[in-house]
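From first to last, the protein sequence lines stand for chains R and C. Mapping to this note's numbering: the first sequence position 10 is 13, numbers consecutive. Mapping to this note's numbering: the second sequence position 294 is 297, numbers consecutive. See below for the structure under consideration.
2 protein chains.
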Amino acid sequence: MKQITGGICAAEGFTANGIHCGIRKNRSKRDLSLIFSQNRAACAAVYTQNLVKGAPISVTKAHIADGFAQAVIVNSGNANTCNFNGVEIAESMGALAAEKLNISAKDVVVASTGVIGLPMSLDPIRGGIDSLVSGLSREGSANAAEGIMTTDTRKKEIAVEFAIGSKTCRMGGIAKGSGMIHPNMATMLVFITTDVSITPEMLQKALSTDVKSSFNMLSIDGDTSTNDMVVVMANGKAGNETIKTGGEDFSAFCKALNTVTVALCKMIAADGEGATKLLECEVSGASDVETARTVAKSVICSSLLKAAMFGADANWGRVLCAIGYSGAKVDINRIDLRFRSAKGDILVCKDGHGVDFSEERAKEILLENEIEILVNLNAGDCTSKAWGCDLTYDYVKINGDYRT
Amino acid sequence: MKQITGGICAAEGFTANGIHCGIRKNRSKRDLSLIFSQNRAACAAVYTQNLVKGAPISVTKAHIADGFAQAVIVNSGNANTCNFNGVEIAESMGALAAEKLNISAKDVVVASTGVIGLPMSLDPIRGGIDSLVSGLSREGSANAAEGIMTTDTRKKEIAVEFAIGSKTCRMGGIAKGSGMIHPNMATMLVFITTDVSITPEMLQKALSTDVKSSFNMLSIDGDTSTNDMVVVMANGKAGNETIKTGGEDFSAFCKALNTVTVALCKMIAADGEGATKLLECEVSGASDVETARTVAKSVICSSLLKAAMFGADANWGRVLCAIGYSGAKVDINRIDLRFRSAKGDILVCKDGHGVDFSEERAKEILLENEIEILVNLNAGDCTSKAWGCDLTYDYVKINGDYRT
């Protein structure tokens, strides 16, 4: 497997675009994106488990109930959530795109992200749909990635090339993250395209399994959004024998999918609201994978640890504390803990108790912008990783005044 | 019931003191406190549910297993947690106090708060114990309250007077809070004294019931501490007929206890690390009390809502979002939401959807330093309250560099 360029347009048969249509006042920020497949593609999705759901989610669920889709339309700047006419607006967004693309409205995935509870007008989308569609191109991934950003500071794109049987396949993804990121079965907005031929059932199975070790192990701030959505479209253009069951081909597909999703997770975590550091907690030596996940997620979610990482402070007691309240059944007295970065690694806790270590050396390691927190439970051979970011002044600044 | 002065020394037969003994380098900050009852008192406690537990917790549990205690010794500056010789140190602290007080070491409650995993020396305590004991007085509550503070900016004391039968009774409490506050069956350190006569069993029942609606509904930062402890001592000096069962007297006692615990909760929340505002979420119209509690706690814990409150931003979508991911079974389309403060109140959401409201008026209300978030689920008549604070730059500052 190798990384390639092109994002969501790397796979054969996909084009994309992103424009400013006026949902946002800032004219320099794209706010409407479109992804299009030449043919109907197998489509799978996972959604937020929040009881409060954005209107686009129910519309998308209905549209892809048959396992297929051909386009994705998505806006930023307004979540279209908790609005009385939300479903009507979401349906109309999809219908506008379908009409211009000359496809069925039922084959359009609709998504929105932005402020909750703000009435949403269809006018900017109606005004922009012509240029959105006419601008679709194989080079459009970056513009589409920008169109879904809210407080994100960087576009999040990835693409890989891999083999299934004798065929070369491609898969790419874009994502938006930043705040209200604590996915439960899904994350904010992630769109993945691939030219692999796979049935909708196997595609959904691959995605539903994957999110357990990817997006569900990601947290910026503990707030599970109302609009989380991960969508994968597979249009079969690579010409491989259609994947209909488990086996070698399905494993190769799942591996590629996990490469794309984990890469997007790290990009989302590193660009969390106000973040200066990407944190990765790797738990090893767990008796079962569920324990490993619970521990890793709890560590990555601790506000106190996140603030300590911002200050490059090796306050390891906060890691132990977070493991202790995680709910996982672990033997605290067997835990070893290290911090690691590009500058090396340092042991700070052995058998659940502090060890002598150089604060200067720890500081040097923690001043890097990618930090690994390595927890060994010494109780088995299961592992898990979780991703998050530090808690900074800028998180408070961004969220103290988001709407103005 | 009326509020009186005197804190933990308001009840007959209790004295207290707090000194600087040298656990902390800052000589102007008291770091060792003592509470003493003239006679053995019925004693009940609740503790953290964190698997990582401070050494003093196991020592205290063993000491009060018989339902009685006569003194509390507590230090700040070191949590005595994750240290190899922690239990030995905690036992020695208790023994030093017992020897000077001429009581049994088994009648001493031991507690610690501060940095986790820092080796703790007994020397400062050994050096300070004489002046700690000789300074015990009826006026010592404030010094004891100061001695348990860590990043707290204000002492937390309360006392009330109430009647049981024909007898006037008193109850007082001190607390330390600030950070790592998300109690699970207990809170950081709270010590409550009363001269009521009550059996240890009924005292424990009153406390265990009370924390469900008091300290367990409090969160500063979502981090459940390793050292949480709430201890109540009842020495019987008020001369009431000993409370041995439920009934009118027990109800009067529980009411006084709840007045003290809720007052301390609010003080802890208002003085959360970096806090500028006390937040109270009141959930009404719930089908059952568990639902009300789950919703209230989820709202108060949302980092996004906390940051919005810091910015006096009426971003009510974040409240709905937090209700949606709380795990409580609620009908989102029946929720009404108001913000209230000393400046009045404003409806921002009706039946789960936004209503027109004046942003200027909302700002005026939210600029106050005590904010109520009023959620009506319109599904029953159960209620609950939870307390927290806003998320500010100073929380990050304090916790980015706590140990240096």
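Where is the CB? At the ideal position from N, CA and C, for every residue including glycine.
Contact check, residue i vs residue j, beta carbons under 8 Å
i, j, result
"Ala315 of chain R", "Leu370 of chain R", "yes"
"Cys172 of chain R", "Asn261 of chain R", "no"
"Arg337 of chain R", "Ile349 of chain R", "no"
"Ile223 of chain C", "Gly391 of chain C", "yes"
"Leu35 of chain R", "Asn78 of chain R", "yes"
"Thr116 of chain C", "Glu276 of chain C", "no"
"Asp226 of chain C", "Cys324 of chain R", "yes"
"Ala14 of chain C", "Thr196 of chain C", "yes"
"Leu221 of chain C", "Ala272 of chain C", "yes"
"Ala44 of chain R", "Ala237 of chain R", "yes"
"Lys103 of chain C", "Val136 of chain C", "yes"
"Gly239 of chain R", "Ser200 of chain R", "yes"
Alpha carbon of residue i to alpha carbon of residue j, nearest angstrom
i, j, result
"Lys158 of chain C", "Met270 of chain R", "44 Å"
"Phe342 of chain R", "Cys268 of chain R", "20 Å"
"Ala255 of chain C", "Asp198 of chain C", "14 Å"
"Asn1 of chain C", "Lys5 of chain C", "Outside the displayed range of chain C (4 to 407) lies residue 1 of chain C, so it cannot be described from this structure."
"Ser305 of chain C", "Asp339 of chain C", "18 Å"
"Phe17 of chain R", "Ile38 of chain R", "7 Å"
"Met205 of chain C", "Lys247 of chain C", "6 Å"
"Ala68 of chain C", "Gly176 of chain C", "22 Å"
"Thr190 of chain C", "Lys28 of chain C", "The pLDDT assigned to Thr190 of chain C is 43, lower than 50, so where the model puts this residue is not dependable, and the model offers no usable value."
"Val3 of chain C", "Leu281 of chain C", "Residue 3 of chain C lies beyond the range of chain C shown here (4 to 407); nothing can be said about it."
"Asn20 of chain R", "Lys170 of chain R", "28 Å"
"Val214 of chain R", "Ala311 of chain R", "28 Å"
"Met1 of chain R", "Glu160 of chain R", "A query on residue 1 of chain R cannot be resolved here, the shown segment of chain R reaching from 4 to 407 and no further."
"Ser95 of chain C", "Asp397 of chain R", "45 Å"
"Ala259 of chain C", "Val193 of chain C", "15 Å"
"Leu99 of chain C", "Val90 of chain C", "14 Å"
"Lys346 of chain C", "Lys32 of chain C", "37 Å"
"Ala166 of chain R", "Asp252 of chain R", "9 Å"
"Lys309 of chain C", "Glu367 of chain C", "17 Å"
"Ser61 of chain R", "Ala114 of chain R", "10 Å"
"Ile374 of chain C", "Ala299 of chain C", "14 Å"
"Met188 of chain R", "Arg141 of chain R", "Only weak support is given to the placement of Met188 of chain R: the predicted model assigns it a pLDDT of 40, under 50, and the question is left unresolved by the model."
Beta-carbon contacts of residue i that lie in its chain and below 6 Å, excluding the five residues immediately before and after
i, result
"Lys400 of chain C", "none"
"Val112 of chain C", "Thr63, Ala72, Val75 and Val234"
"Leu121 of chain C", "Asn81"
"Lys109 of chain R", "His66"
"Ala47 of chain R", "Leu206, Gln207, Leu210 and Val235"
"Asn379 of chain C", "Ser287, Gly288 and Asp339"
Outcome for residue i when other beta-carbon atoms lying within 10 angstroms are tallied against a minimum of 16
i, result
"Gly250 of chain R", "exposed"
"Ser124 of chain C", "exposed"
"Asn402 of chain C", "buried"
"Gln41 of chain R", "exposed"
"Glu149 of chain C", "buried"
"Asn372 of chain R", "exposed"
"Thr84 of chain C", "buried"
"Asp334 of chain R", "exposed"
"Ala93 of chain C", "buried"
"Ala162 of chain R", "buried"
"Arg321 of chain C", "buried"
"Glu293 of chain R", "exposed"
"Thr297 of chain C", "buried"
"Lys179 of chain C", "buried"
Own chain residues within Cβ distance below 7 Å of residue i, not counting five before or after
i, result
"Arg30 of chain C", "His23"
"Ser217 of chain R", "Asn261, Thr264, Val265 and Cys268"
"Ala295 of chain R", "Val286, Ala289, Cys385, Thr386 and Ser387"
"Val278 of chain C", "The displayed chain sequence assigns Ala, not Val, to residue 278 of chain C. Contacts found: Cys392, Asp393 and Thr395."
"Ser107 of chain R", "Ala101"
Own chain residues within Cβ distance below 8 Å of residue i, not counting five before or after
i, result
"Phe360 of chain C", "Ala317, Ile349, Leu350 and Val351"
"Leu139 of chain C", "Thr18, Ala19, Asn20, Leu37 and Phe39"
"Asn420 of chain C", "Since the first residue of chain C shown is 4 and the last is 407, residue 420 of chain C is not available in this structure."
Heavy atom of the ligand GTP within 7 Å of residue i beta-carbon
i, result
"Asn42 of chain R", "As for the ligand GTP, it is missing from this structure, which has no ligand bound."
*Indicate whether the contact test is met: 3 or more Cβ pairs, each with one atom in the segment 336 to 353 of chain C and one in the segment 226 to 239 of chain C, closer than 8 Å.*
no
*Stretch pair the segment 4 to 18 of chain R + the segment 138 to 148 of chain R: three plus CB contacts closer than 8 Å*: Output reads yes: the segment 138 to 148 of chain R touches the segment 4 to 18 of chain R.
*Pairing CB atoms from the segment 19 to 30 of chain C with CB atoms from the segment 130 to 138 of chain C, are three or more of them under 8 Å?*
yes
_the segment 384 to 403 of chain C contacting the segment 285 to 292 of chain C, beta-carbon criterion three pairs below 8 Å_ = yes
_Could you check whether the segment 45 to 63 of chain C touches the segment 316 to 329 of chain R, counting it as contact only if at least three pairs of C-beta atoms, one from each stretch, sit closer than 8 Å?_
yes
*Quick one: which residues of the segment 85 to 101 of chain C get their C-beta closer than 8 Å to a C-beta of chain D? List them in chain order.*
The structure shown has no chain D; the protein chains it does contain are R and C.
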